[in-house]
Amino acid sequence: MKVLLVGGAGREHAIAAAFARSGHEPRLYCLSDLTNPGIKGIVKKSGGEYYLGNINDPEGVIKAAKKSGADFVFVGPEEPNFHGVPDRLEDGGIPCIGANRAVSELEMSKASMRDLQWKYKIPGRLWYKKFKTFEEAVPYIEEYADSVALKPARQAGGKGVKVIEDFQVYLQEDKRKVKKEHAESIVREYMKGYDDIDYKLLIEERVWGPEYTVHCFTDGSTVVPMPAVQDNKHAFDGDLGLETGGMGSISCGMNLRWGVDDGRAILTDEEYLKSVEIVRMMIDAIQTETGEKYHGVVAGQMMLTSVWGPTVIEMYSRLGDPEAGNVLSVLKSDIVDICEAIIGERLNTIKAEFEDKAVVVKAVCPEGYPNRRDIASGHPVKIKGNGDGILWASADIKDERVFSGGSRVVECLGVGESVPEASRRAEKLTEKVSLEDGWKLFHRRDIGSEKSLERRIALANMAREIYQYRERRGLLGKRMIWIPGKGLVEVG
Ligand code: GLY
Numbered sequence: 194m195k196v197l198l199v200g201g202a203g204r205e206h207a208i209a210a211a212f213a214r215s216g217h218e219p220r221l222y223c224l225s226d227l228t229n230p231g232i233k234g235i236v237k238k239s240g241g242e243y244y245l246g247n248i249n250d251p252e253g254v255i256k257a258a259k260k261s262g263a264d265f266v267f268v269g270p271e272e273p274n275f276h277g278v279p280d281r282l283e284d285g286g287i288p289c290i291g292a293n294r295a296v297s298e299l300e301m302s303k304a305s306m307r308d309l310q311w312k313y314k315i316p317g318r319l320w321y322k323k324f325k326t327f328e329e330a331v332p333y334i335e336e337y338a339d340s341v342a343l344k345p346a347r348q349a350g351g352k353g354v355k356v357i358e359d360f361q362v363y364l365q366e367d368k369r370k371v372k373k374e375h376a377e378s379i380v381r382e383y384m385k386g387y388d389d390i391d392y393k394l395l396i397e398e399r400v401w402g403p404e405y406t407v408h409c410f411t412d413g414s415t416v417v418p419m420p421a422v423q424d425n426k427h428a429f430d431g432d433l434g435l436e437t438g439g440m441g442s443i444s445c446g447m448n449l450r451w452g453v454d455d456g457r458a459i460l461t462d463e464e465y466l467k468s469v470e471i472v473r474m475m476i477d478a479i480q481t482e483t484g485e486k487y488h489g490v491v492a493g494q495m496m497l498t499s500v501w502g503p504t505v506i507e508m509y510s511r512l513g514d515p516e517a518g519n520v521l522s523v524l525k526s527d528i529v530d531i532c533e534a535i536i537g538e539r540l541n542t543i544k545a546e547f548e549d550k551a552v553v554v555k556a557v558c559p560e561g562y563p564n565r566r567d568i569a570s571g572h573p574v575k576i577k578g579n580g581d582g583i584l585w586a587s588a589d590i591k592d593e594r595v596f597s598g599g600s601r602v603v604e605c606l607g608v609g610e611s612v613p614e615a616s617r618r619a620e621k622l623t624e625k626v627s628l629e630d631g632w633k634l635f636h637r638r639d640i641g642s643e644k645s646l647e648r649r650i651a652l653a654n655m656a657r658e659i660y661q662y663r664e665r666r667g668l669l670g671k672r673m674i675w676i677p678g679k680g681l682v683e684v685g
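In terms of the numbering used here, the sequence shown opens at residue 194 and continues consecutively.
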């Protein structure tokens with residue numbers, strides 16, 4: 194059996210490691226724009242080949258698939274989906290684990306995703322407005338005074354999202370100005386070069402609560418959920434600093450518990466099951482809308498809000514990164530069996546099982562990340578020991594040395610009986626990573642610590658108390674906004 198993996202970051206190293214554990218002993222090939230040392234090692238050991246090329250070019254990917262003789266292709270990141278790579282492979286008779294262009298709209302367009310959620314009345318929907326130009330947004334920003342999240346309407350690697358709290362009357366004029374300035378920069382800067390989408394700007398109601406991700410394998414009919422994961426976006430301890438692609442993530446079995454034997458949870462069983470149901474409804478809706486089947490991984494990037502409980506913030510048409518390390522490292526079932534069941538549309542006939550263990554992943558980044566990738570890249574990287582438990586991420590082999598690529602250079606993975614125990618193991622691994630030229634690395638020490646979990650649980654409990662109150666009074670999801678001169682108005 195031969196498999197071609199598309200992509201070369203930490204997520205793809207986690208996918209490659211899952212294939213390396215398969216009883217089918219597949220020969221693994223990889224196509225990526227960088228040479229990831231971890232994936233390269235697995236590819237070599239399996240007898241496959243590593244190709245360098247543009248992963249977003251459908252013709253290039255099918256060429257690599259044919260050259261390798263792959264039985265199927267596993268697409269890691271989202272951009273190849275948006276560029277129609279899975280469609281081209283299927284047209285060429287090569288099965289693919291990856292959302293095709295039509296269904297990956299769930300992730301690519303945040304406006305389409307919300308349209309769908311409202312059209313099909315899927316719970317966990319936020320009130321929103323979408324705009325094609327900045328000028329269209331101005332009258333709206335002028336009229337409505339409220340706390341909002343301003344977002345690029347296309348998936349743009351998580352960049353450009355800004356939440357603006359707008360509670361004080363005496364600051365309203367200033368806040369309007371900030372909203373307008375940021376809305377303009379989203380349309381003119383963050384969305385520059387994205388000509389594949391009509392709507393450029395999304396303005397959503399601002400919500401608060403702990404965030405988490407629920408991934409599922411799907412063949413379009415059956416949904417196989419994976420353990421819930423919580424990603425930590427901010428660069429520094431205590432959720433300070435700029436938002437990144439994810440500084441590390443925690444998971445603990447199917448819900449997000451404090452410790453295996455402790456009842457307290459960021460996410461209860463009921464909330465987890467509701468979240469899975471929301472993801473399933475989203476897949477059904479996009480399939481009904483497009484008439485196309487979803488084959489691959491889908492994820493709800495959710496928040497436990499005071500408005501709805503489980504609420505969709507955005508959708509992924511792939512595994513999250515670093516979240517992939519959490520879910521795949523405890524996957525007990527054979528990934529090849531799962532992929533074959535997806536391709537044959539018989540996912541209902543197999544059981545995908547996960548170990549009930551806590552996993553903590555900590556990303557290690559060169560200083561400069563996330564906003565100065567120019568200075569974060571090009572540093573020689575060294576790992577002490579055999580590298581077990583360390584996923585290579587933004588790293589590239591050049592002249593037989595490994596250099597940082599400017600983003601998260603490695604992801605250290607700890608597994609344990611509780612989240613804090615897994616966190617301590619991941620922390621130990623971070624000590625093995627250094628840059629040979631003395632450039633500094635940083636990571637978050639607090640991810641998965643007792644203190645950080647206490648904070649997350651306190652936040653979850655606050656949101657939980659309010660959404661359950663709303664639920665009892667039939668107010669779930671109802672939104673009241675204050676319009677100057679009109680007072681409180683119910684919308685949505
Ligand atoms: N961890 C965030 C993402 O994968 O987009």
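Virtual Cβ for every residue (Gly too), placed ideally from N, Cα, C.
Beta-carbon spacing of Y383, K352 below 8 Å: A contact, by the Cβ cut-off of 8 Å.
R594 burial status per 10 Å Cβ neighbour count (16 or more: buried): Counting Cβ neighbours within 10 Å, R594 comes out exposed, since fewer than 16 surround it.
heavy atom of the ligand GLY below 7 Å from Y424 C-beta: Before going on, a small fix: residue 424 reads as Asp here, not Tyr. Yes; taking the cut-off as 7 Å, the Cβ of D424 has a heavy atom of the ligand GLY nearer than that.
Alpha carbon of W401 to alpha carbon of E507, nearest angstrom: When rounded, the distance between both Cα atoms is 14 Å.
Selection from I568, V682, R617, S442 that minimises the alpha carbon distance to W632: Out of I568, V682, R617, S442, I568 has the C-alpha closest to the C-alpha of W632.
Spatially closest choice to M474 from A213, H375, G493, by CA coordinates: Considering only alpha carbons, the answer is G493.
N-terminal and C-terminal residue of the beta strand (DSSP E) that H408 is part of: H408 -> beta strand (DSSP E) spans 404-411.
Given 8 Å, three or more beta-carbon pairs between the stretch 491-505 and the stretch 461-470: The stretch 491-505, when compared against the stretch 461-470, does touch it at the 8 Å Cβ threshold.
Three-state secondary structure assigned by DSSP to H488: Residue state, collapsed to three classes: coil.
The alpha helix (DSSP H) enclosing D462, as first and last residue numbers: Note, D462: alpha helix (DSSP H), 462-483.
Identity of the residues DSSP links to Y265 by a beta bridge: The sequence given here has Phe at residue 265, not Tyr. Answer is V196.
C-alpha distance - R381 paired with I334, whole-angstrom precision: In a straight line, the C-alpha of R381 is about 17 Å away from that of I334.
Inter-residue Cα distance where the pair is E271 and K679: Between E271 and K679, the C-alpha separation is close to 43 Å.
Contact test: D514 Cβ vs the ligand GLY heavy atom, cutoff 7 Å: Between the ligand GLY and D514, a heavy atom-to-CB distance of less than 7 Å is present.
Among C409, W311, S225, nearest to K671 - alpha-carbon criterion: Nearest C-alpha to K671: W311.
Beta-carbon spacing of I543, P288 below 8 Å: Their beta carbons are not under 8 Å apart, which means I543 does not touch P288 by this criterion.
P613 - containing alpha helix (DSSP H), residue span: Run containing P613: 612-623, per the alpha helix (DSSP H) assignment.
Top-ranked residue by Cα proximity to R565, from S587, P677, G599: Checked all of S587, P677, G599; the closest Cα to R565 is G599.
Beta-bridge pairing of Q423 - partner residues as DSSP gives them: When beta bridges are read from the DSSP output, Q423 appears opposite I443.
G351 Cβ short of 7 Å to the ligand GLY heavy atom set: Because some heavy atom of the ligand GLY lies under 7 Å away, the Cβ of G351 counts as near it: yes.
Counterpart residues of K555 in DSSP-defined beta bridges: DSSP output for K555 lists G441, C605 as bridge partner(s).
Proximity test, G201 beta-carbon vs the ligand GLY heavy atom, cut-off 7 Å: Answer for G201: no, Cβ out of range of the ligand GLY.
Where A207 sits in the DSSP three-state scheme: The answer is helix: DSSP assigns A207 an H, G or I state.
Cβ contact (3+ pairs, closer than 8 Å) linking the stretch 601-618 and the stretch 635-644: Contact between the stretch 601-618 and the stretch 635-644 is established, with three or more Cβ pairs separated by less than 8 Å.
The stretch 647-654 / the stretch 579-594 touching (three or more Cβ pairs under 8 Å): No, they do not touch.
Close-in-space but distant-in-sequence residues of the same chain around G240 (CB under 7 Å, 5 per side omitted): Residues R220 of the same chain have their beta carbon placed closer than 7 Å to that of G240, with the five preceding and five following residues left out of the count.
Three-state secondary structure (DSSP) of H169: Within the shown structure, residues of the chain are numbered from 194 to 685, placing residue 169 beyond reach of any answer.
Beta-bridge pairing of R347 - partner residues as DSSP gives them: DSSP lists S302 as partners of R347.
Whole-angstrom distance between D527 and E366, CA atom to CA atom: If you take the alpha carbons of E366 and D527, they lie about 57 Å apart.
Whether R294 touches I255 by CB criterion (8 Å): With respect to the 8 Å criterion, R294 and I255 are not classified as neighbours on the basis of their beta carbons.
The stretch 202-219 / the stretch 510-526 touching (three or more Cβ pairs under 8 Å): The count of Cβ pairs closer than 8 Å, one atom from the stretch 202-219 and one from the stretch 510-526, reaches three, so the stretches are in contact.
Pair within 8 Å by beta-carbon distance, V603 and P559: No, the pair does not count as a contact, with Cβ atoms beyond the cut-off.
DSSP three-state assignment for P251, whether helix, strand or coil: DSSP places P251 in the helix class (H, G or I) of the three-state scheme.
Helix, strand or coil at Q494 according to DSSP, with G and I counted as helix: Residue state, collapsed to three classes: strand.
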